[in-house]
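Here the structure comes first, spelled out in structure tokens, and everything after it is commentary.
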Amino acid sequence: QTLPPSVEVSVGGKVHTDVRAFPSGPVGEAPGVLVRRARAEVEAEVSGRFRAVVEPGFGEGEVELLDGYVEADLWARPGAGRALAVRAGRFKTPVGYESLLSSSDLRFAERALPTALSPRRDLGAMLRWESPRLEAQVGVFNGVPDGSSASVDWGAGPDAAARVFGRPAEAGPVRLGVGLAVSAGTASGRDGDALAGYETPGDRTFFAYTEGVGPDGRRLRLAPQATLDVGRLHVLGEYIEAHHRVRRGTEAADLAHRAWQAAASFVVGGVPRGEGRPVPRRPVTEGGAGAVEVSARVHGLSLDGDSAPLAAAGSAQRAAAWALAVHWTPVAPVRLGVTVERTAFEGFDGDAPGGSGAVPPAETFVVGRFQIDL
Amino acid sequence: QTLPPSVEVSVGGKVHTDVRAFPSGPVGEAPGVLVRRARAEVEAEVSGRFRAVVEPGFGEGEVELLDGYVEADLWARPGAGRALAVRAGRFKTPVGYESLLSSSDLRFAERALPTALSPRRDLGAMLRWESPRLEAQVGVFNGVPDGSSASVDWGAGPDAAARVFGRPAEAGPVRLGVGLAVSAGTASGRDGDALAGYETPGDRTFFAYTEGVGPDGRRLRLAPQATLDVGRLHVLGEYIEAHHRVRRGTEAADLAHRAWQAAASFVVGGVPRGEGRPVPRRPVTEGGAGAVEVSARVHGLSLDGDSAPLAAAGSAQRAAAWALAVHWTPVAPVRLGVTVERTAFEGFDGDAPGGSGAVPPAETFVVGRFQIDL
Amino acid sequence: QTLPPSVEVSVGGKVHTDVRAFPSGPVGEAPGVLVRRARAEVEAEVSGRFRAVVEPGFGEGEVELLDGYVEADLWARPGAGRALAVRAGRFKTPVGYESLLSSSDLRFAERALPTALSPRRDLGAMLRWESPRLEAQVGVFNGVPDGSSASVDWGAGPDAAARVFGRPAEAGPVRLGVGLAVSAGTASGRDGDALAGYETPGDRTFFAYTEGVGPDGRRLRLAPQATLDVGRLHVLGEYIEAHHRVRRGTEAADLAHRAWQAAASFVVGGVPRGEGRPVPRRPVTEGGAGAVEVSARVHGLSLDGDSAPLAAAGSAQRAAAWALAVHWTPVAPVRLGVTVERTAFEGFDGDAPGGSGAVPPAETFVVGRFQIDL
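Residue numbers (my numbering), protein chains in the order written: chain A, 1 to 374; chain B, 1001 to 1374; chain C, 2001 to 2374.
Written out as structure tokens, the structure reads:
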């Protein structure tokens, strides 16, 4: 098992440790420490053209295969940054923008509410195109509920997903990226498919379907997305619409849930890298100050009004949140950050705080993070 | 923790991704993608004489330690390919031939029915002998049900296993291998031991014991096995007999289940390597055509007739299957294959398709695989 | 993902395989093989100052993240062996001496009874100081029951832990180490905190609380500890007191449990290394005899007398044990050992062997171990 010379192995990994607190609720929990992510990643490239990727993760007290896939270049000009490749296995479904972003580059402790409507990792096969100005993916997947990742059991029928993301304009320090993603398929409770509930960044469920509601037909997601870089400023906007046909007994309903976010980050010190986290101009180990970035976002998720009779007690119809964060990167692979996020809720028509269908109280979520990413 | 110079570490791994479909049943399931195997293997050799092997696996949505053992050479002539070693930990029990074959070298998507009667991985201690003409293993194991692997809890008493496999004759392009394996022990329901059901290559159970049946005594397996290489042709034949004394309430029975397979592979293009998968003469990355192999097999499993009153409803007495497969190896570590397999069933005396004791309908199983093995 | 030059990765790992038997009970189990530990450890150091450590383990049929933390040196003089560092994530709480000792260096198959009263691995943040004569740790942790490790859910409030261990005197071949550790916090059944039962080294529970008893307040542990090296002799003494306020319905009680051990090891052949396992002067692969060490210990655990009405049936009030062990290290990373341990029990006042509140029979535990540690 000495590796042949045609095989090149590259390894990476990350450890993200959090101190988390919910100072004003919802439950007045004591602060605590969490190993949010502890992952190793191994990529073996054969003859510069075939790749196997395995990324097991051990965070949050669980063990999971995050990425596990094989990939072959069908056509590639590595020098020009152009490649067409086919991939099969477990990896991220190409829908939500922030869902696809590496957790090493997030500007806040957790992803915003649009990710709750996007598929996350799924089992499937995908063609992907990459060039300096355009990336595109199109694939067929087993299909997962909103905000969820695939387990081994596959459901009723495949979901197709496609995404294009282009960087049409680049003028001096200004760089624009726009894209659109779509996924479409069907799901049915008879085949073990399920519907997802929705959670805040602090992991509290604010909407769940009541007992006996299941998917029963079309599952469609639409996700326009854009980024804008202007010098030290990076702006991200994304919107997701998730359509589900659901059934409870003999009644069916067509629901459309919507989520959006607008986020901006400013690199106070250091070298901006667009969607990637900034790196220090001079690391602190060489007398520099590292890189500092400040970020703010607003985001929301709104359930279809027709969900009211299908919602479990204590579900909210709308969540709206804002967050502020500061990150410091003393040397390139190390990052320290603080995120403060507040999420407020609105009930369905007729719900009142304190009533039997009471919406949850607002959540305040404070996270200090110490992370190393290789 | 920098490793001392006396320690040599070698690493390997594999990712096997499947697209699987059951076109004509038994349940008309939609096709789906499966990460069948995602494994890393690390072997550390100390002073050329002691070895520690750890192979965790993350396939099929589960995490498992496949191999985990320590080994010491008691005597070795590495130049002559001769060694006597002792091994302790978790590894494959030396019984079924195809069970012992690396999954990287299988000629079909899944192993044939004899493997359902063989122990797979167990916890134990083993002496093994290796020389160019003969390999032999003898060990003591915690003991596992047919087709099963050890969990941490050990059962009533140890199972002994022994196997010899020789290559007595080698005349020009003809190479014969013959062997015999035996395992013997006892199992008892009182100690938490269990009896296994039996599954098709497509993972459908076609025989299960009814409630309340447990092992109660002798467990004996006999497994003659042979391979024949003639130029580009590789032939494998194996037979396994598994004897179990079982009990249901006050009644005991001595059951003998039998399974067999005959498989042949022909290397259309590339360099044949006997039991190992063929490699390209010239890889496609250097303008070659890679290696192509076509394979066919027939196999079957037959339950003891006295199992009838002990079988759960819907159990079959006999399964018979055939399979065809084509594999293409564009560069040595990469392999693409398609397997088509059909398994038909016969019921116990008096069972009729459609009746209450109905045997399952035939299973057609189609697998496309993309695998990278290092 | 090629690593930058500022990152240094070091890897380690261990496989510990046991043959275990309970020759005279308590249950007359057959001997069996166990993969006690199968672990890989990766440490990535960035700019000589930041560290990420991930150590997954696959022993005993389970998968677990043992260590997973990030660490930063606040101040360091590596040449002088002095450093002040801050660490956050999952790692060992600095309380019991033998709990903190690497499993690679243990003198017996399992740790002694004081470890049953110490926290093991927890989620937390810690400052640690290291110098040739003194090591000290002070940290805040989520808090775990006695002898337990953290899962992801955190409890009612943080536990603080602090430990100092010094080597004040060093006179020729004599080297003394003394230390004290304290942990303090609160636990409450309302927040999901639990109380631990207590087990023998052979993994048999000899004390458990009865249904409905939970923690309800103060949790305090005191752990004085000392080591003495005199030439080839290494002696370890430790004592732990664990105070718990518990509640059953409307009745509360303040309990103090106590455990202690005295252990001595003598290096018959090879180079002694204090708390570390001895290494051969000449390894067997170069014609040497390796290193041989013989060890003996006595240890005990005594439950608070007021635990009697709170104890589950079959609980003992006191366990007392002795053990003998011999280890042989043929080459530095390889170790073979045999441990024999006998644990006897005394009941609470009024308990009698054979009565309804009968104490368990004595346990005899024999372990043969073959381990490789890198």
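Built from N, CA and C at the ideal position, the CB exists for glycine as well.
Within 9 Å of the CB of residue 1371 of chain B, the CB atoms of chain A belong to 52, 70, in sequence order along the chain.
Residue contact with chain B for residue 2365 of chain C: absent (no Cβ-Cβ distance below 9 Å to any residue of chain B).
One Cα belongs to residue 1186 of chain B, the other to residue 1218 of chain B, and the distance between them is close to 4 Å. Taking CB atoms only, residue 2089 of chain C has a neighbour in chain A less than 9 Å away. Contact holds between the region 213-229 of chain A and the region 167-184 of chain A, because three or more Cβ pairs, one in each stretch, are under 8 Å apart.
One alpha carbon belongs to residue 2082 of chain C, the other to residue 2128 of chain C, and they sit about 11 Å apart. The Cβ atoms of residue 2234 of chain C and residue 2267 of chain C lie closer than 9 Å to each other. Look at residue 284 of chain A here: in three-state DSSP terms it is helix.
Per the C-alpha coordinates, the member of B:1034, B:1019, B:1042, B:1273 positioned closest to residue 2013 of chain C is B:1042.
Taking the beta carbon of residue 2125 of chain C as reference, the chain A residues within 7 Å of it are 19, 33, listed in sequence order.
Those residues of the region 1323-1344 of chain B placed with their C-beta closer than 7 Å to a C-beta in chain A are 1331, 1332, 1333, 1334, ordered along the chain. Using a Cβ-Cβ distance cut-off of 8 Å, the region 2295-2315 of chain C and the region 2195-2210 of chain C are in contact, since at least three pairs of beta carbons, one from each stretch, lie closer than that value. At a cut-off of 9 Å, the C-beta of residue 2282 of chain C has no neighbouring C-beta in chain A. Taking all protein chains shown into account, residue 1171 of chain B has fewer than 16 neighbouring C-beta atoms within 10 Å of its C-beta and is therefore exposed.
The region 323-330 of chain A makes contact with the region 277-295 of chain A: 3 or more CB pairs, one atom from each, lie closer than 8 Å. Here residue 2085 of chain C is buried, its C-beta having at least 16 other C-beta atoms within 10 Å. Distance from residue 1099 of chain B to residue 1111 of chain B at the Cβ level is roughly 7 Å; contact confirmed, criterion being Cβ atoms closer than 8 Å.
Only residues of its own chain outside the window of five on either side were considered, and among them 2176 have a CB closer than 6 Å to the CB of residue 2169 of chain C, listed in chain order. The region 2059-2131 of chain C contains, as complete beta strand (DSSP E) runs of 3+ residues, the segments 2064-2077, 2082-2092, 2121-2130 (chain order). Put simply, the backbone Cα of residue 1139 of chain B is about 6 Å away from that of residue 1160 of chain B. Within 8 Å of the CB of residue 13 of chain A, the CB atoms of chain C belong to 2042, 2044, 2052, 2054, in sequence order along the chain.
Around residue 174 of chain A, the same chain offers 230 as residues with beta carbons nearer than 6 Å, after the five sequence neighbours per side are excluded. Where residue 1225 of chain B is concerned, the enclosing beta strand (DSSP E) starts and stops at 1213-1230. The beta carbon of residue 1009 of chain B sits closer than 9 Å to some beta carbon of chain C.
Rounded to whole angstroms, the Cβ separation of residue 306 of chain A and residue 358 of chain A is 21 Å, and the two are not in contact under 8 Å.
Residue pairing by DSSP puts residue 1137 of chain B in a beta bridge opposite B:1128, B:1163. Proximity of residue 183 of chain A to chain B, defined by a Cβ-Cβ separation below 9 Å, is not satisfied. With a threshold of 9 Å between beta carbons, residue 1285 of chain B makes contact with chain A. When DSSP states are grouped into helix, strand and coil, residue 31 of chain A belongs to the coil group.
At a C-beta separation below 9 Å, residue 374 of chain A has these neighbours in chain C: 2001, 2003, 2004, 2007, 2009, 2044, 2046, 2052. Chain B has no Cβ within less than 9 Å of the Cβ of residue 2273 of chain C. Under the three-state reduction of DSSP, residue 2310 of chain C is assigned to helix. Chain-order list of chain C residues neighbouring residue 1219 of chain B: empty, with the shortest C-beta distance near 14 Å, by a criterion of under 9 Å.
With respect to the C-alpha of residue 2089 of chain C, the residue from A:37, A:66, A:53, A:51 having the closest C-alpha is A:37. Residue burial is scored here from C-beta neighbours: residue 2059 of chain C has at least 16 other C-beta atoms within 10 angstroms and is therefore classed as buried.
Relative to residue 345 of chain A, the option among A:303, A:336, A:339 whose CA is nearest is A:303.
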